[in-house]
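Notes for the one structure printed next.
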Amino acid sequence: MLRANVEVENYTVKDAESGLKYLESKLLCIVGEPINSEHLMTTLFNISQLKNISRPAIEAIRAITYLIGEQEASKVAITISEQVKEIISGEVTSQVVIAISPHMANLLQMAEQMETNTKELEKLIDKTNEQATSSQSCTQNANSPSYSDAERQILLEAIEGNSLYKPGKTAASIAKEVQKILTTIKQDDCPDLNIKAITKLKSGGLILELNSMSLAKWLRKEGNCKHFLNALETPVEMKYHTYTVIVPFIPISTPIEDTNWRRALEMENNLTENSVILTKWIKPKHK
1 MLRANVEVEN YTVKDAESGL KYLESKLLCI VGEPINSEHL MTTLFNISQL KNISRPAIEA
61 IRAITYLIGE QEASKVAITI SEQVKEIISG EVTSQVVIAI SPHMANLLQM AEQMETNTKE
121 LEKLIDKTNE QATSSQSCTQ NANSPSYSDA ERQILLEAIE GNSLYKPGKT AASIAKEVQK
181 ILTTIKQDDC PDLNIKAITK LKSGGLILEL NSMSLAKWLR KEGNCKHFLN ALETPVEMKY
241 HTYTVIVPFI PISTPIEDTN WRRALEMENN LTENSVILTK WIKPKHK
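Going by the UniProt record's numbering, the sequence shown opens with residue 1, and the numbers climb by one from there.
Structure, rendered in structure tokens:
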């Protein structure tokens, strides 16, 4: 598909600038870092981790296609070689250039494949959209989860294949029932108990978005959590939002398994204590 044809379609991403803004807003790339081949490869990997085929995935893939189009492969290869030569010289320089050449070839091949995949995915999405009715679109929008602040969200997952709601029950009616339960367990030290939004999951679970972070923290406390789950009268467990984050260029000598190192990492990046649950290498260090 020609670029002119792509740009006239109704997509958020229309050029390299809007593509970069979209990737940063979806946390698919490292915000503030300059765009180079390594950055784009990392971003492509992050996009590949997205679940299912969705509009955000299409927009992100399109953005990478535009950005790769802005990068001339030959200039990238020359620039990398010159930077390496400025740092090291002689035989070591030759060895490093030879070592990175396959990666450059892989980048070019990946860019071509991503462009092909983008065209195929666009056709699939367009075909799906034609079959969807307006009423279905309204229902999907009403049930779409809010990601404005994950700290206010509570994830409830049914146990043993049960469902927390009956078929055909609306999110609004479920919210009213859960609101009544919250009111019954309210204590003197508890903040105002109000549900801001609720999302039904296909697995039978629910995502509750509360009106404040303090309420979410209060509800996650062991005693309060147990009282709340028992009041639901359905086998259910409360789970925390966890996200996989890949951090490139970490020295292999870094003690990532050390708890004290994780706490220092949280403090350095202004993260809540114990927000980093697990750290591990993508592959064995000796490889």
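We put the beta carbon where it would ideally sit given N, CA and C, even for glycine.
Here the structure is a predicted model, which means the values were calculated and not measured.
Cβ separation of residue i and residue j, assumed to be a contact under 8 Å, to the nearest whole Å
i: M213; j: E273; result: Contact flag wrong, Cβ pair sits at about 15 Å.
i: K196; j: E177; result: Actually they do not touch by this definition, with Cβ atoms about 16 Å apart.
i: A63; j: V13; result: 5 Å
i: M267; j: L155; result: M267 to L155, Cβ: 26 Å. No contact.
i: L20; j: L50; result: The pair is not a contact, with the Cβ atoms about 18 Å apart (cut-off 8 Å).
i: V247; j: L164; result: Not confirmed; about 35 Å, so no contact.
i: I198; j: F228; result: Between F228 and I198 the Cβ distance is about 14 Å, and since that is not below 8 Å, they are no contact.
i: K280; j: I256; result: 7 Å
Residue i, DSSP secondary structure in three states
i: T279; result: coil
i: residue 348; result: This structure gives no information on residue 348, because the portion of the chain shown stretches from 1 to 287.
i: I64; result: helix
i: L271; result: coil
i: I256; result: coil
i: I125; result: helix
i: K285; result: coil
i: K239; result: strand
The beta strand (DSSP E) enclosing residue i, as first and last residue numbers
i: A197; result: 195 to 200
i: I207; result: 206 to 210
Alpha helix (DSSP H) segment containing residue i, residue limits
i: residue 306; result: Summary: the structure shown does not reach residue 306, with the chain confined to residues 1 through 287, and so no result is reported for it.
i: I185; result: 171 to 185
i: K221; result: Counting along the chain, K221 falls outside any alpha helix (DSSP H), and DSSP gives it neither H nor E.
Alpha-carbon to alpha-carbon, residue j and residue i
i: A231; j: K169; result: 19 Å
i: K200; j: A171; result: 7 Å
i: P251; j: K226; result: 42 Å
i: I181; j: I174; result: 11 Å
i: L124; j: I47; result: 18 Å
i: M110; j: G205; result: 37 Å
i: M41; j: L27; result: 15 Å
i: Y22; j: F249; result: 24 Å
i: residue 289; j: C29; result: Residue 289 lies beyond the residue range present for the chain, which begins at 1 and ends at 287; the question has no answer from this structure.
i: A158; j: S275; result: 24 Å
i: R55; j: K202; result: 19 Å
i: T118; j: G223; result: 49 Å
i: Q113; j: Y243; result: 27 Å
i: T259; j: Y240; result: 19 Å
i: K285; j: T254; result: 11 Å
i: A16; j: E59; result: 12 Å
i: F45; j: C190; result: 43 Å
i: E24; j: I35; result: 12 Å
Cβ-heavy atom distance, residue i to the ligand PLP, below 7 Å
i: G205; result: No copy of the ligand PLP occurs in the structure displayed, which carries no ligand at all.
(message) In chain order, what are the residue ranges of uninterrupted alpha helix (DSSP H) at least 4 long that sit wholly in the region 5 to 52?
(response) Taking only runs of at least 4 residues, the alpha helix (DSSP H) segments lying wholly in the region 5 to 52 are 16 to 25, 37 to 48.
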